[in-house]
Each structure stands twice: as structure tokens, then as C-alpha cells.
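Peer 1: Residue numbers (this note's numbering): 33 to 539. The beta-carbon is built from N, C-alpha and C at its ideal position, and this holds for glycine as well.
#1: Taking buried to mean at least 16 other C-beta atoms within 10 Å of its own C-beta, is residue 110 buried or exposed?
#2: When you compare only the Cα positions, how much space is there between residue 168 and residue 464?
#3: Got a sec, what are the start and stop residues for the beta strand (DSSP E) residue 220 sits in?
#4: Quick one: give me the first and last residue of the alpha helix (DSSP H) that residue 365 is part of.
#5: When the Cα atoms are used, what is the spatial distance from residue 84 to residue 90?
#6: Do residue 354 and residue 338 have their beta-carbon atoms positioned less than 9 Å apart in this structure?
#7: By Cβ distance, which residues of its chain are closer than 6 Å to residue 520, with the 5 residues on each side in sequence left out?
#8: Excluding sequence positions up to five away, which residues of its chain have a Cβ less than 8 Å from the Cβ of residue 245?
#9: Hey, could you find the ends of the alpha helix (DSSP H) residue 459 is sitting in?
#10: Short of 6 Å in beta carbon distance, which residues of its chain neighbour residue 253, apart from the five on each side in sequence? Order them along the chain.
#11: Kindly indicate which three-state DSSP category residue 192 falls into: helix, strand or coil?
#12: Residue 441 by DSSP, collapsed to three states: which one?
#13: What first and last residue would you give for the alpha helix (DSSP H) that runs through residue 351?
#14: So, helix, strand or coil for residue 429, using DSSP?
#15: If you drop the 5 nearest sequence neighbours on each side, which residues of the same chain put their C-beta closer than 8 Å to that of residue 107?
#16: From this set, 318, 266, 263, 286, which residue's C-alpha is nearest residue 275's C-alpha?
#17: Are the CB atoms of residue 143 and residue 179 nearer to each other than 9 Å?
#18: What three-state label does DSSP hand residue 32 in the structure shown?
#19: Mind checking residue 515: buried by the 16 CB within 10 Å criterion, or exposed?
#20: Since residue 450 and residue 307 are thought to touch, with beta carbons under 8 Å apart, how far apart are those beta carbons, to the nearest angstrom?
#21: Should the segment 150-168 be called in touch with the segment 133-140, which here means at least 3 C-beta pairs below 8 Å?
#22: For residue 491, name the three-state secondary structure that DSSP assigns.
#23: Evaluate the contact criterion for the segment 438-449 versus the segment 284-295: three or more CB pairs, one atom per stretch, below 8 Å.
#24: Where does residue 170 fall in DSSP's three states?
#25: According to DSSP, is residue 49 helix, strand or coil?
#26: Go through its chain and collect everything with a Cβ distance to residue 392's Cβ below 7 Å, but skip five positions before and after it.
#27: Look up residue 544 in the DSSP assignment and give the residues it is bridged to.
#28: Have a look at 117, 349, 438, 120 and flag the residue whose alpha-carbon is nearest the alpha-carbon of residue 390.
#29: Going straight from the alpha carbon of residue 197 to that of residue 435, what length do you get?
#30: Go ahead and pull the three-state DSSP assignment for residue 106.
#31: Determine the direct distance from the alpha carbon of residue 229 to that of residue 415, and round the result to whole angstroms.
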């Protein structure tokens, strides 16, 4: 795609929004009308890319960051030092919840980053607006909770409990019990497909469509318990880490793994994929962390010894958080720098982590509560209100839910390469044409002439007689019905007359 001559449109911005070189470069269409339609569509796509690149001038919000004096490093800063230098509204986003009795805790933010749900291993579940600190619900389920996840909005969330998976509303009322998803230890949700993904203790993988309440797919991955699981936000492929050092990629329509990547020579401890589906981070039991390129070659870009990390998480701006025991280290520019950007020390062992969307906040769940850690430069400063709006009203939420259901992506479209969805399957067409024989002799058509006969009018005569007979039968049936109705009326009239018993009876 050519770079426009408009000076307001920067070439890098055009490259970020580009959808490829298109079909106009090697167009070989004979029909003029079809060719005109394709060229007109290409022109609209180019115009849309230019407008998207030009609209970046209107994005007035910039991502945050930390600037230190010469000779200092951001790794020396603590949360107390950061909160002193920022405004009061941002400082209130860093806090600690002391929950000593029901840990360790799993946490999950909504897609718009406004609401938070916590699930304690000993049965405590709480959902609240973490910005205003307004509690939505708090329940005790009296059994172990292994994972929690929000569904398409803040009205429903799922909890993987000891036996089955339950779905609750924002008031803590149980809506559904998914008995087909039993002994689940990992949960995730695909918002554009309305699919709830579960990894079982028995090694099974499950995809449940929450819009219709049916299981899309469920099969055994044959690699042991699914203890390490994450999803690629770019193509909705599930990444599972195994004890043999490999990462397998799964889709609901294929019972075999789409790909298997040997990442470490030891068991894996954590796997994470960035928001654009370009990088994958893996950590092994040998203390090494590696960054992989998921676009083409699945080659390692970086390998560094950082210790055994139990959790890995990417932010919207590309920061990588790694948890080792009680320490949470954040790396910036993971493919170039190996020194951490920030470090947070929790009061107990870290059990879960997630960056809050559109906020410079890292949520850390521990054995003794929850920490909200301020990480400048982690969140995306500009959001699309039609896509994910942190300030949406009730009407906007209902409209977004209806639009999401109408535009729901089918599970059959989950593939490793999203570019093939808009292409023509020339291989299938050519293979079907190759199977056909090149030449087939046409069959001779045998014409049998009808023989002449003397009684040619006989069929017409028979048809006329048959029609006349049908009319007579219909007329007789009508007359018999009429007689029966008249007799019924006379009997009824005689029964109604009280003096009818004195009347002479006909012999």
C-alpha cells in the first residue's frame, strides 16, 4: 500500500493501520464490472487507512512514564515515591486489601478496566468497582475456588469451583451451573466469540458458547492437567504450557494441536501473549525467560535468566510483569532490555496478576489479599468508546451487548493465520478440478416416438366420465348430509315439546 502524499499523515502511522498490499497489485480479472468493483473497494480501504492515520493527531492523551535523574534508575523507586509525585486521583488507584483468611486470591478485570472480581481459594468471591470502591456483591461458596473470569460485561462472571463451574450475576446470585465443565482449574473468556474456555484437571479443554448455553467443543488434550493456559487476543487461539517444555496451540474445531513449540528443555512455569498477538513470553523451571516471535517463524528473540517465575503478564503498552515468589518485576521493551523497569514486593506469595486495561495499574493477588500497584506507562491512554468504554452508561452497555451478539464470530473462524479468512481458497478449487476427468464422451439421446393408434380420443373420454362420476358422488354426499341434519333438527324439536309424549307414534 502506497504512502499518501499528505504531510499530515505519517508513514509510520499508515503502516500501523495498514491491512496489507491488497489485490490491485496483481489483479488478473477479465470481467470489467468485477474489476471495477474490486478497485473501488481497494480505494475505500486505502482511504480508511489514511483517515485512521490522520485521526491520530486528535489523540491528545499520551502514555505515562518515569523520568529519573542521571545516575538513578527506576528500579529504586517504590510505590510510596510514585504516589508522592502524581495527582490525588491517580494516587487513590494504588491500595492494598488485607484478606488474610480466604487466600490465595485469583483476580480478573473487565475488558473496559472498570470492575474487578476476586476469588479466594477457600470460597470467598467479591466483585466491586475498584475505582469508586463500591461493592457489587460478596459471597461465600463453601468450597474451593480455582479461578474467576468476567463474561462479556460486568453483569455476569464465572467461577471454577471444586466440582463444577458456576455463573453468577453482579448481585452474587447463581444463574447457571455448568456440570459439563467439571474440575476446572483455569478459565478464560473470548469476548468476540462469546466463548468460555476451561482447562480441566483431567487434561480436557472445553469451549462453551454462553450466548446459547451449548458446548461448542470438548476433548482431551492428552498432556496432563491444564495448569498453564492463556489465550491469544489477536486470533483467539488457546496456548497451553506443559511439563515437557512445549507450548501447544489449540482451536475448538480441531482435536489436534494447531502447533507445538519446544520452548524450554524443562517443565514450563508460565506463558503469556501480548495484546496484538506478536510476542509470547515463556518461563521455565530452570529460571530462564524467553520471548518468542509468533508472526512467522516462532523464533526466540530474547533469553535471560531471571529466576523461576510463576506468572507472566503483558500490558497494553507492551510492558511485561513477572512474579517470583513475593516479588513482581516489570520489564519495559522486553525484546531489547533485560533490566527491570519497576519492582514491587508483596507481603506474601503472589498467586495471580493482571494489568488493568486503560489504566497504569497492575493488580496483584496474593495469599493474604490484593495489591493495586501503580505502573506508569502500562495502560493505553486513548480508548475507542464504541469498542470498550470505561465510562459507558446503562443504555450504552445494552447497545454494546446487542451489537456484540449480532457480530459474534463463529468458532469455525478461529485459526492461526487470520489473513486467510478473507482470501479465496484456490487450493481447494484447483484440487477439485484436478479430480475431474479432462474429457467425458457425451451420451447419445434415444428418442422413442409414440405409436399411432385408432382410439386416440379414448383418454379424453375416460377423463370426462371420471369427472362426471366425481360430481355425482359429491352431489349425493351433499344430499345425504342435508337429510341427516334435517332429521337431527326434527328429533331435537320433538324432544323440546313437553306434549310430544301424547303424540301418535308412527308404526
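Peer 2: Here's the rundown:
#1: Exposed is the call here.
#2: Residue 168 and residue 464: Cα-Cα distance of roughly 58 Å.
#3: Residue 220 -> beta strand (DSSP E) spans 216-222.
#4: Note, residue 365: premise wrong, no alpha helix (DSSP H); not H, not E.
#5: Approximately 10 Å, taken between the alpha carbons.
#6: Between residue 338 and residue 354, the C-beta spacing is below 9 Å.
#7: Non-local beta-carbon contacts of residue 520 in its own chain, meaning distances under 6 Å to residues more than five positions away in sequence, are absent.
#8: Within the same chain, residue 245 has close Cβ partners 208.
#9: Going by DSSP, residue 459 is part of the alpha helix (DSSP H) stretching over 458-467.
#10: 235, 237.
#11: DSSP, read as helix, strand or coil, puts residue 192 in strand.
#12: Looking at residue 441 - three-state DSSP - the assignment turns out to be coil, as it is neither helix nor strand.
#13: Where residue 351 is concerned, there is no enclosing alpha helix (DSSP H), given that its DSSP letter is neither H nor E.
#14: DSSP, reduced to helix, strand and coil, places residue 429 within a helical segment of the structure shown.
#15: Cβ neighbours of residue 107 beyond the five flanking positions: 371, 372, 373, 374, 375.
#16: Nearest to residue 275 by alpha-carbon distance, out of 318, 266, 263, 286, is 318.
#17: Residue 179 sits away from residue 143, with the two beta carbons spaced by 9 Å or more.
#18: What the structure shows of the chain is the stretch from 33 to 539, and residue 32 is not part of that stretch, so it cannot be assessed.
#19: Exposed, because fewer than 16 other Cβ atoms sit within 10 Å of the Cβ of residue 515.
#20: Cβ atoms of residue 450 and residue 307 stay farther apart than 8 Å, at about 14 Å.
#21: Judged by Cβ distances under 8 Å, the segment 150-168 makes contact with the segment 133-140, as three or more pairs qualify.
#22: The answer is helix: DSSP assigns residue 491 an H, G or I state.
#23: At 8 Å Cβ cutoff, the stretches touch.
#24: Under the three-state reduction of DSSP, residue 170 is assigned to strand.
#25: Secondary structure at residue 49: helix, using DSSP grouped into helix, strand and coil.
#26: Once the five neighbours on either side are set aside, the close Cβ partners of residue 392 are 96, 406, 407, 408, 409, 410, 411.
#27: Residue coverage of the chain in this structure runs from 33 to 539, which leaves residue 544 outside it and unanswerable.
#28: When only C-alpha atoms are compared, the closest one is 349.
#29: Annotation: residue 197 to residue 435 spans about 27 Å, alpha carbon to alpha carbon.
#30: If DSSP states are grouped into helix, strand and coil, residue 106 belongs with the helices.
#31: If you draw a straight line from the Cα of residue 415 to the Cα of residue 229, it comes to about 26 Å.
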